[in-house]
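Residue numbers (the numbering used here): -8 to 141.
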């Protein structure tokens, strides 16, 4: 099981680098060429979401991306350390908490839900988890083993 871990400052300009690294590692892991655009777009959405959450929460910790090549699948985890309130509910469970921060917070929550909807549309196997300490988006794609060279 090969793993590549990438950490980057929560700046929008670093999202492109994460997308390129994810696509390169996915190609090497054996993800079908037709799915590489989905990998790139899903990682871009997940990283953009994490960057936005860090910036809006004033978190200075880096965004974490873990790319893992397993026997028959390639998985990506995008983690953020933006704090969540326990009353807001989880995006994975469809919970919607009361928004008390005004129009800016409501707009941020709407953008967050839109990003998650895009990711769910791109990736068949996706899991979103949140806690008071941050959140993780786990995505995976099937791989095909490389043919053995004689």
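Ideal Cβ placement from N, Cα and C applies to all residues, glycine included.
The structure displayed is predicted, hence computed values, not measured ones.
Contact between the region -2 to 13 and the region 116 to 135 is absent: fewer than three C-beta pairs spanning the two stretches fall below 8 Å. The three-state reading of DSSP puts residue 74 in coil, since its state is none of H, G, I, E or B.
The Cβ atoms of residue 57 and residue 4 lie no closer than 8 Å to each other. Per DSSP, the beta bridge partners of residue -2 are 55. Assignment of residue -8 by DSSP, reduced to helix, strand and coil, places it in the coil class. Collapsing the DSSP output to three states places residue 136 in coil.
Around the beta carbon of residue 13, a 10 Å sphere encloses 16 or more other beta carbons of the protein chains shown; the residue is thus reported as buried. When Cβ pairs closer than 8 Å are counted between the two stretches, the region 14 to 23 is seen not to touch the region 36 to 50, the count staying below three. Secondary structure note for residue 16: its alpha helix (DSSP H) is the uninterrupted segment 6 to 20. Burial is judged here by how many other beta carbons sit within 10 angstroms of a residue's own beta carbon; residue 29 has at least 16 and is buried.
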